[in-house]
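Engineer: In the working numbering, each residue's number is its place in the sequence shown (first place is 1) plus 710. Glycine included, each C-beta is placed from N, C-alpha and C at the ideal position. Since the structure is predicted, the reported quantities are computational estimates derived from the model, not experimental observations. Have a look at this one.
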Amino acid sequence: MKKFNIRKVLDGLTAASSSSSSSSAATSQPGAPRENDVVQETLQSEHFQLCKTVRHGFPYQPSSMAFDPVQKILAIGTQTGALRLFGRAGVECYCQHESGAAVIQLQFLINEGALVSALADDSIHLWNLRQKIPAILHSLKFNRERITYCHLPFQSKWLYIGTERGNIHIVNVECFTLSGYVIMWNKAIELSTKTHPGPVVHISDNPMDEGKLLIGFECGVVVLWDLKSKKADYRYNYDEAIHSVAWHHEGKQFVCSHSDGTLTTWNVRAPAKAAQIITPHGKQPKDGKKPEPCKPILKVEYKTTRAGDPFMVLSGGLSYDTVGRRACLTVMHGKSTAVLEMDYPIVDFLTLCETPYPNDFQEPYAVVVLLEKDLVVIDLGQIGYPIFENPYPLTVHESPVTCCEYFADCPDEIIPALYSVGSRQKRQGFSKKEWPISGGNWGQGTQSYPEIIITGHADGSIKFWDASALMLQVLYKLKTAKVFERARGKEEKANTDIVDEDPFAIQTLSWCPESRMLCVAGVSAHVIIYRFSKQEVTTEVVQLLEVRMQCDLSDVDSPDPGGDQTPTLPTPGASSSPQESEPPTQPSTGSNSSDGPRDNIPCLQVRSSPLKQSPGYQVELVIQLVWVSGEPPQQITSLAVNSSYGLVVFGNSNGLAVVDYLQKTLLLNMGTSELHSPSDPYQRQPRSPRKARQPSGALCDSNDGSNASEDRCKSPTSDAKDNSFTRSRSSSVTSIDRESREAISSFYFCESYPRKSDSALSPCLLVGTTHGSVMMVALSLPPGADQRLQQPVGIASCGTLIRLKGGILTMALLDATGTLLPPPYESWYDPNASDEEKEKGRRRRPGSPPSSQEGTDTQFAILCSEKQAKVVALPSQTRIYKHSITETSFVLRADVVQMAGANCIACFCANGHIMTLSLPSLRPLLDVNYLPLTDMRIARTFCFSNLGQALYLTSPTEIQRITYSQETCDNLQEMLSELFTPVETPEAPNRGFFKGLFGGGAQSLDREDLFGETSAGKASRSLAQHIPGPGGMEGMKGAASGVVGDLARARIALDERGQKLGELEERTAAMMSSAESFSKHAHDMMLKYKDKKWYQL
């Protein structure tokens, strides 16, 4: 007996109800799958938690840099208050100052696991790096003076802070309190000086005498200040402003860099005149006059070697006549001067040395150069100063990222395959030495599944990244622009471009990890299909297919009885062969004359010369949309490839096109409006072409005009969403018309029931539009592999399945048990291998599962739009669940993802909320207000992946990865890398017998006695405000978790115990000394007054 379906009756009643009431209505139907007894949902709210995991890429807008020479950790600060810390390859960390003020300077507490940052808002912060996620221990906010320079001597707890007023304050970094000891500018300079010396631009102590402080003022005055006597020993005057100062390690000389491109060398005890003045890049006049001024030398470093000449490294200082020359780093060594050109302006540089002690031979071995958009490390130990190969993923922004996709839990063999072909692309000529920034330890992560991130770029390149285990490494780079001819100059630039710049930019991509098929769509309305091969081939002629998609703005076009009644499917061999790439002088039926509208002209010209294709991704077919009677082709809004069917489908505001990439033919070119009604493609009457239009074939070589049916593709509605990185040229279609049109927004290949009456599964295509319509298209494939290449694929529109509010974002299919049914695929085989190997590796499309029993639904179609989500049972096409995701905002990205052995919908809204919904009942499981949409970059690049992973571009150069999985959040501490590792501080340099005897060695200073509260007093309370951090000083003592952390804690405990014992011993000795002194004084007094009378006192 056929069961009565009451859901259709209840459908209207439950439309406005919540998902819970929908599910109660669903459970009352006896003939359909029920949530309680068929789909047992296992996902609960406790499976979800949102947190940031790691940030990859180059620090955006860098402003400062520091290096710990013992821990071998590099820190970079940015103009937005971010801190990025780097160790060995794979050891990275990101943290952020709450204020967002620019980081002007960084100072490591060397080998202490701590870092001091100075910000543009006049605050300083102490960061604890002994924990996996660094935290601020103390902050100090200056109220009356602006910070310009900081200096922390090695193994000192007293931080010198120079200010804009020219004063120097001293901070105890252990407790972040100000000392009462202040060096005032008017005491430092000569009393006769009438002008203010300007801000402090340099502070350093004499390497051989900690009691002497060298202070550089902007005006050109340098003062050697005696900390004990609180007065200036020497003053050094030069006419030009100072930018930086560097000591010789013996403490007898220092070098200053100036704003006129000069370097002055001063002997400490001869302040009257500079010992040497040189202009490294100045032209030396013959008559002995001063050389011409050059650009300022922004920084100089002076590093000595035990065996040879010292190194002097400087940035800037080029001659003013070198206009347009790139930024340079100059390395002066003995009599040789090397000028190293950089790709971007230099922000800062540091010379890496073998010793952390400033009073020893420095032995420099590398220079780290921080550029505006790159990080370069130069090897000083090899001839020609080669650079080190950078192991960090800092090239995300090599060309601006225009689209992004994230694939977690990929096939195991895909990463080795991509790495093997990508390793051949590596540049040569790098230094043979190991990367010098080698600190930290990798995390003990439990995530072992392969993850791949694909980024599309503005120059047409595509990069594949290995993102497994919270790391990022580039695997392979594909340049799609190689397929096209490049205009050599502006005069040769084609006037058929629809974008002003970056005509090869990637707009969207579709990748099948199992078959390794890749399909990309560019902004110039082009689609390229790639196959993966391990063998190199030379393609004599690039296979090309031109498609004419057009739209008529009239409401309805009546069929023209006189028009060509051509079937939609071209017959094989007639007009379906791909065109061999020809010069632009021979367009098929195109016209691009100055007196007529452009017609049948593609935006880009495919190269006509043979194309050498390296192992990796190789071009299978290029598809180009052409101009139609002066109208440029609309940009492609959606794209999908299916390896099992051998089909590529793409859509825009004019409609959709289906291409058979095996036969290289266009199967369907249909307007969006025609998809709404069921039809048989072989019987459908083509619409009449527009008046005054030449009928043109969709295929490039159909010069006989026998395929005029493409002119009938006219849709009254569309929605062409302009991408933020493209600027379309003006066309006759107004923006209002363009917004009102219905564009194709989403595709999903599947094995399903195209019609209500179907009882057997068959290949289908789900099509979603920007107006919320979901249509079903039935595909009819030839039965055998041999016939697949000879017989055409049949396509029939089955009409509208359902409508949702807002544009369709994602679609998926579940079986009756709630298991995700991915699109069918064909396993990868090498297209250039022998036929036997192809057949061995090839797996045919799996046979259809058992057919549906009459009256029962065996599938759920999951549909998510910008506003709501719906679940439809198939084949009955009954809506069983509905959930309104947002009323006031709209969803930017939605994906059906696998999580904790089940499936859910993950959504990112424009109001910043991240939400997940259970499947199939659409119960809300997570709703977190994560981040507001600040720019289009986030909207364009945000994507979810399986197993609770997601990412987006947080800046033009950085990828931020997040997780919405509770399990990943719980394990995050173990998975993150460790920055601090216990390392013994190198021994101090030996003073030598004679230096010890005659006092020529380094002079130490009891800073505690000098700067402590006892002798210096308290600082003014209004000068700066102390802000304790969340961790307090206890945070410094707790090292990271794990075995290394336990060792570190044990070492710290021993150090503390030894330190306390040492302090106790020192106190005991001090008390004994004091007692002896008191006893001696008392005895002397007694002897003095022993025999004197009272009146003699």
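Considering just the uninterrupted stretch of the beta strand (DSSP E) at VAL1487, what are its terminal residues?
Structural biologist: Segment 1483 to 1490, the beta strand (DSSP E) holding VAL1487.
Engineer: Can you name, in chain order, every residue of its own chain whose Cβ lies under 7 Å from the Cβ of SER1456, other than the five neighbours on each side?
Structural biologist: Here the set comprises SER1348, GLY1478, ILE1518, LEU1519, THR1520, MET1521.
Engineer: Could you name each continuous beta strand (DSSP E) segment of 3 residues or more that falls completely within the stretch 1618 to 1686, going from the start of the chain to the end?
Structural biologist: Whole beta strand (DSSP E) segments, 3+ residues: 1623 to 1628, 1634 to 1639, 1653 to 1655, 1659 to 1665, 1668 to 1675.
Engineer: Tell me whether the beta-carbon of MET1486 lies closer than 7 Å to the beta-carbon of LEU1511.
Structural biologist: Going by C-beta atoms, MET1486 is nearer than 7 Å to LEU1511.
Engineer: Can you list, in chain order, the residues of its chain with a C-beta nearer than 6 Å to that of VAL863? Leave out the 5 residues immediately preceding and following it.
Structural biologist: According to the sequence displayed, residue 863 carries Pro and not Val. For PRO863, where only same-chain residues beyond five positions count, the Cβ hits under 6 Å are ASP915.
Engineer: If contact is defined by three or more beta carbon pairs under 8 Å, each pair taking one atom from either stretch, is the stretch 1139 to 1148 in contact with the stretch 1232 to 1249?
Structural biologist: No: the two stretches stay apart, fewer than three of their Cβ pairs being nearer than 8 Å.
Engineer: Can you look up ILE1147 in the DSSP assignment and give me helix, strand or coil?
Structural biologist: Coil, per DSSP.
Engineer: Taking only three categories from DSSP, how would you classify PRO772?
Structural biologist: Of the three classes helix, strand and coil, the one that applies to PRO772 here is strand, per DSSP.
Engineer: When you compare each of ALA1367, GLN1345, GLY1018 to GLN1072 by their alpha carbons, which one comes out closest?
Structural biologist: Comparing Cα positions, the closest option is GLY1018.
Engineer: Determine the contact status of TYR1591 and SER1631, defining contact as a CB-CB distance below 7 Å.
Structural biologist: The answer is yes: Cβ separation under 7 Å.
Engineer: Pop quiz: ILE1615 and TYR1640 are said to be a contact at Cβ under 8 Å. What is the actual Cβ separation, rounded to whole angstroms?
Structural biologist: Their Cβ separation, rounded to whole angstroms, is 16 Å, which puts ILE1615 and TYR1640 out of contact at 8 Å.
Engineer: Use the C-beta contact count for PHE1360: other C-beta atoms within 10 angstroms, 16 or more gives buried, fewer gives exposed.
Structural biologist: Under this definition PHE1360 is a buried residue.
Engineer: Please name the residue or residues paired with ALA1522 in a DSSP beta bridge.
Structural biologist: DSSP output for ALA1522 lists ILE1572 as bridge partner(s).
Engineer: Look at the alpha carbon of LYS851 and the alpha carbon of VAL813, and state the distance between them as a whole number of angstroms.
Structural biologist: Near 14 Å, if we compare the C-alpha coordinates of VAL813 and LYS851.
Engineer: For SER1483, count neighbouring Cβ atoms within 10 angstroms of its own Cβ and tell me buried if that reaches 16, exposed if not.
Structural biologist: The residue in question, SER1483, is buried, as its Cβ has 16 or more Cβ neighbours within 10 Å.
Engineer: Is LYS922 helix, strand or coil when you go by DSSP?
Structural biologist: LYS922 falls in the strand class under three-state DSSP.
Engineer: Could you check the C-alpha separation between ALA1470 and GLY1528 for me, to the nearest Å?
Structural biologist: The alpha-carbon atoms of ALA1470 and GLY1528 are separated by roughly 19 Å.
Engineer: Confirm, please, whether the CB-CB distance from LEU847 to LEU825 is below 7 Å.
Structural biologist: No, Cβ-Cβ distance for LEU825 and LEU847 is not below 7 Å.
Engineer: Throw me the rounded Cβ distance for the VAL1316 and VAL1193 pair, which I believe falls under 8 Å.
Structural biologist: Confirmed, Cβ separation roughly 6 Å.
Engineer: Determine the closest residue to ASP1070 out of PRO1121, HIS959, ASN1151, ALA980, with distance taken between C-alpha atoms.
Structural biologist: When only C-alpha atoms are compared, the closest one is HIS959.
Engineer: Starting from GLN1735 and walking both ways along the beta strand (DSSP E), at which residues does that stretch end?
Structural biologist: GLN1735 -> beta strand (DSSP E) spans 1734 to 1738.
Engineer: On the premise that ASN1613 lies in contact with LEU1530, defined as a C-beta separation below 8 Å, what is that separation, rounded to the nearest angstrom?
Structural biologist: 5 Å between Cβ atoms; contact.
Engineer: Considering only DSSP beta bridges, list what ASN1362 is partnered with.
Structural biologist: The partner list for ASN1362 (beta bridge, DSSP) reads GLY1365.
Engineer: From TRP895 to PRO907, what does the alpha carbon distance come to, in whole angstroms?
Structural biologist: When rounded, the distance between both Cα atoms is 8 Å.
Engineer: When burial is assigned at 16 or more other CB atoms within 10 Å of the CB, is GLN1323 buried or exposed?
Structural biologist: Under this definition GLN1323 is a buried residue.
Engineer: CB of ALA1543 to nearest heavy atom of the ligand SAH: below 6 Å?
Structural biologist: The model on display carries no ligand, and the ligand SAH is accordingly not part of it.
Engineer: Which whole-angstrom value describes the C-beta separation of ALA1610 and HIS757, a residue pair presumed to lie in contact below a C-beta threshold of 8 Å?
Structural biologist: Yes, ALA1610 and HIS757 are in contact; Cβ-Cβ is about 5 Å, under 8 Å.
Engineer: Using only the alpha-carbon positions, how far apart do ARG1498 and GLY1381 sit?
Structural biologist: Near 27 Å, if we compare the C-alpha coordinates of GLY1381 and ARG1498.
Engineer: Taking one C-beta from the stretch 1056 to 1065 and one from the stretch 1016 to 1031 each time, how about it: are there three or more such pairs within less than 8 Å?
Structural biologist: Taking 8 Å as the limit for Cβ pairs, the verdict is that the stretch 1016 to 1031 does touch the stretch 1056 to 1065.
Engineer: Leaving out five residues on either side along the sequence, give the residues of the same chain with a beta carbon under 7 Å from the beta carbon of LEU1797.
Structural biologist: Excluding residues within five positions, none has a Cβ falling inside 7 Å.
Engineer: Hey, could you find the ends of the alpha helix (DSSP H) GLU1718 is sitting in?
Structural biologist: Segment 1717 to 1721, the alpha helix (DSSP H) holding GLU1718.
Engineer: Please classify VAL1131: does DSSP put it in a helix, a strand, or coil?
Structural biologist: Here VAL1131 sits in helix by DSSP.
Engineer: State whether the stretch 815 to 825 contacts the stretch 1168 to 1183, with contact taken as three or more CB pairs (one from each stretch) at a distance under 8 Å.
Structural biologist: Taking 8 Å as the limit for Cβ pairs, the verdict is that the stretch 1168 to 1183 does not touch the stretch 815 to 825.
Engineer: So is LYS1173 buried or exposed if we call it buried at 16+ other beta carbons inside 10 Å?
Structural biologist: Label assigned to LYS1173: buried.
Engineer: If you scan the stretch 1006 to 1080 from start to end, which runs of the beta strand (DSSP E) of 3 or more residues do you find wholly inside it?
Structural biologist: Correct list: 1007 to 1013, 1021 to 1026, 1038 to 1043, 1046 to 1051, 1056 to 1063.
Engineer: Please name the residue, chosen from HIS861, LEU1314, LEU1185, LEU1489, that lies closest to VAL910 on a Cα-to-Cα basis.
Structural biologist: Comparing Cα-Cα distances from VAL910 to each of HIS861, LEU1314, LEU1185, LEU1489, the minimum goes to HIS861.
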